[in-house]
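Asker: What follows is a structure written as structure tokens; I'll ask about it next.
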């Protein structure tokens with residue numbers, strides 16, 4: 001692949017990754033948040049895929065496919081199954097409204113550009129220059145994690161955070177060993193499984209999974 | 220020769236814009252299971268209105284009568300300073316993107332004052348809503364334009380379009396994608412399409428643009444309708460040529476201009492159809508949710524600016 005074409009595709013992919021994060025911050029509706037999470041997972045998988053094709057590394061392409069399956073198909077489906085069991089959420093069940101959440105995301109991404117300057121300055125190749133974007137997405141996910149209350153949207157924010165960390169890793173290292181990556185993948189998968197199971201077990205005893213109301217068990 | 224290009228562009232914009240509106244209405248009608256009026260219908264309506272008598276509501280002043288003229292004139296000026304067919308329009312070296320925004324704003328403000336001048340509650344309500352939307356729109360337009368002009372090292376529209384035509388790979392950058400998303404939202408709000416405003420309804424609770432021009436009749440209404448159609452065409456043409464300047468002529472040869480004309484018409488028709496198809500699936504936003512949409516557009520623009528400063532262009 002030619003250098004400029006490779007960079008063009010990589011940057012376009014990073015743009016999709018960033019926009020899906022902003023869309024998650026924007027959306028109120030949990031179903032569309034999960035849809036954007038699928039997009040985010042797919043654009044994350046595209047990073048090792050593009051790198052693998054470029055360097056002719058088969059293991060990397062396989063890791064990319066595994067990521068695509070887990071991050072874009074399995075985990076979002078698990079989360080959406082979990083909500084299907086849930087009673088419909090109250091409309092105003094979040095601490096901040098969409099606009100402030102968006103503006104906070106904007107500030108978080110600006111901050112990420114500032115904080116990652118030393119990393120970019122250390123090795124200013126075109127790929128590493130784009131590292132602030134997934135880093136910013138991680139900060140956006142933290143903003144969402146602390147500002148959302150419904151279990152499902154907290155899960156979505158957590159998965160977004162995880163996607164962003166993996167994206168930073170892929171862009172910085174051009175591929176960690178496949179075993180490490182698979183370990184991280186399974187880790188997330190199990191975590192989500194446990195959370196979903198826990199929520200399913202808890203639900204009969206609780207009136208809602210709104211975390212501000214999780215103060216006592218109802219008999 | 221460049222004046223010939225200007226003449227072709229102005230007649231394309233003037234004649235094509237009602238057809239664009241007609242085509243979008245036809246697509247929406249077909250998708251909603253109706254037959255749909257002919258594409259030339261807006262043309263017939265405008266022609267009919269020109270021959271109708273005008274009515275002046277009691278106690279209206281000068282703004283009511285010059286509002287539509289200013290609205291139309293400002294739109295016509297913008298039509299002469301956007302690279303639709305060729306980059307070699309007269310005086311092209313001095314046309315800034317900020318001018319386009321400014322001229323569109325002059326028209327909007329003229330029409331809002333005219334709406335207030337009628338003294339009816341609808342006119343005032345429409346003007347106040349329109350100005351609210353425009354005030355929120357302005358920062359995100361400026362941000363998106365700023366992001367585009369960093370890429371081209373100039374805020375001249377023709378320089379931006381030329382730079383994109385020379386280095387098509389630069390378009391595939393996160394900054395352009397964000398600026399594109401921001402501009403699409405801005406264009407939808409500025410042209411008064413769904414989900415910000417619904418041009419097809421006169422429901423008093425929701426209308427914005429239509430409320431301002433409720434008292435107009437005769438040639439004034441025709442001018443307002445025509446200029447609104449021209450604005451939509453210009454904004455779609457601007458987006459398509461800023462981000463995909465395929466076929467934009469860089470010389471004033473007849474052949475190059477013919478290709479430019481055909482391609483820009485095709486691009487605008489494509490964008491218009493996409494917009495019409497999207498509108499079928501959309502409901503109008505509540506007025507108090509509109510700031511959310513425009514705030515989102517502002518954040519996208521802001522990020523586009525930041526990223527274009529930090530990230531090297533893809534060609535380097």
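Chains as they are written, first to last, in my numbering: chain A, 1 to 219; chain B, 220 to 535.
Where is the CB? At the ideal position from N, CA and C, for every residue including glycine.
With a threshold of 8 Å between beta carbons, is residue 46 of chain A in contact with chain B?
Answerer: With 8 Å as the cut-off, residue 46 of chain A does not count as an interface residue toward chain B.
Asker: Using CA coordinates, which residue listed in B/340, B/284, B/477 and B/250 is at the minimum distance from residue 231 of chain B?
Answerer: Taking only the C-alpha atoms, the option nearest residue 231 of chain B is B/477.
Asker: Taking all protein chains shown into account, decide if residue 221 of chain B is buried (16 or more other Cβ within 10 angstroms of its Cβ) or exposed.
Answerer: That one is exposed.
Asker: Tell me, which residues are paired with residue 375 of chain B by DSSP?
Answerer: In the DSSP output, where bridge partners are listed per residue, residue 375 of chain B has B/315.
Asker: My understanding is that residue 194 of chain B touches residue 304 of chain B, with C-beta atoms under 8 Å, so please give their C-beta distance in whole angstroms.
Answerer: The shown model of chain B, from 220 to 535, leaves out residue 194 of chain B, and the question about it has no answer.
Asker: Per DSSP, residue 305 of chain B forms a beta bridge with which residues?
Answerer: According to DSSP, which records beta bridges pairwise, residue 305 of chain B is partnered with B/468.
Asker: To the nearest angstrom, report how far apart residue 138 of chain A and residue 160 of chain A are at their CA atoms.
Answerer: Approximately 7 Å between the Cα atoms of the pair.
Asker: Just to confirm before moving on: does the CB-CB distance between residue 166 of chain A and residue 44 of chain A stay below 8 Å?
Answerer: Cβ distance < 8 Å, so residue 166 of chain A and residue 44 of chain A count as in contact.
Asker: Less than 8 Å between the beta carbons of residue 247 of chain B and residue 448 of chain B, yes or no?
Answerer: No, Cβ-Cβ distance for residue 247 of chain B and residue 448 of chain B is not below 8 Å.
Asker: Within its chain, find whatever has a CB closer than 7 Å to the CB of residue 482 of chain B; leave out the 5 residues flanking it on each side and keep chain order.
Answerer: Excluding positions up to five away in sequence, the list reads 465 and 466.
Asker: Do we get a CB-CB distance below 8 Å when we pair residue 522 of chain B with the residues of chain A?
Answerer: Yes, contact with chain A.
Asker: Assuming the contact rule is C-beta atoms closer than 8 Å, residue 520 of chain B and residue 359 of chain B should be a hit. Round their C-beta distance to whole Å, please.
Answerer: Sure, about 5 Å apart at Cβ, within 8 Å.
Asker: Given a limit of 9 Å on CB to CB distance, which residues of the stretch 391-403 of chain B reach chain A?
Answerer: Hits within the stretch, in order: 391, 392, 393, 394, 395, 396, 397 and 400.
Asker: Should residue 14 of chain A be flagged as near chain B, meaning a C-beta pair shorter than 8 Å?
Answerer: Judged by the 8 Å Cβ criterion, residue 14 of chain A is in contact with chain B.
Asker: Is there a Cβ of chain A sitting closer than 8 Å to that of residue 514 of chain B, yes or no?
Answerer: Taking Cβ atoms only, chain A reaches closer than 8 Å to residue 514 of chain B, which makes this a yes.
Asker: Buried or exposed: where does residue 47 of chain A fall if 16 or more other Cβ atoms within 10 Å of its Cβ makes it buried?
Answerer: Looking at its Cβ environment, which holds 16 or more other Cβ atoms inside 10 Å, residue 47 of chain A is buried.
Asker: Could you tell me which whole alpha helix (DSSP H) segments of length 4 or greater appear in the stretch 387-431 of chain B?
Answerer: Entirely contained in the stretch 387-431 of chain B, the alpha helix (DSSP H) runs reaching 4 residues are, in chain order, 393-409 and 428-431.
Asker: Please state the DSSP three-state secondary structure of residue 274 of chain B.
Answerer: In this structure, residue 274 of chain B counts as coil in the three-state DSSP scheme.
Asker: Could you compute how far the alpha carbon of residue 269 of chain B sits from the alpha carbon of residue 287 of chain B?
Answerer: Cα-Cα distance, rounded: 13 Å.
Asker: Below 7 Å on C-beta distance, what does residue 132 of chain A contact in chain B?
Answerer: The contacting residues are 529.
Asker: Using C-beta distances below 7 Å, list every residue in its chain close to residue 265 of chain B, excluding the 5 sequence neighbours before and after it, in chain order.
Answerer: Around residue 265 of chain B: 237, 441, 444 and 445.
Asker: Cβ closer than 8 Å: which chain A residues qualify as neighbours of residue 518 of chain B?
Answerer: Residues of chain A passing the Cβ test: 22, 102, 103, 105 and 106.
Asker: If we define contact as Cβ-Cβ less than 8 Å, is residue 510 of chain B a contact residue for chain A?
Answerer: Yes, residue 510 of chain B counts as interfacial toward chain A.
Asker: Unbroken alpha helix (DSSP H) runs of length 4 or more, entirely within the stretch 488-532 of chain B: which are they?
Answerer: Segments of the alpha helix (DSSP H) lying fully in the stretch 488-532 of chain B: 509-529.
Asker: For residue 525 of chain B, decide whether its Cβ has a neighbour in chain A, counting only Cβ atoms nearer than 8 Å.
Answerer: Chain A, which has a Cβ nearer than 8 Å to the Cβ of residue 525 of chain B, makes this yes.
Asker: Do residue 366 of chain B and residue 232 of chain A count as a contact pair if the criterion is CB distance below 8 Å?
Answerer: Not covered by the structure: residue 232 of chain A. The range shown for chain A is 1 to 219.
Asker: According to DSSP, is residue 435 of chain B helix, strand or coil?
Answerer: DSSP places residue 435 of chain B in coil when its eight states are reduced to three.
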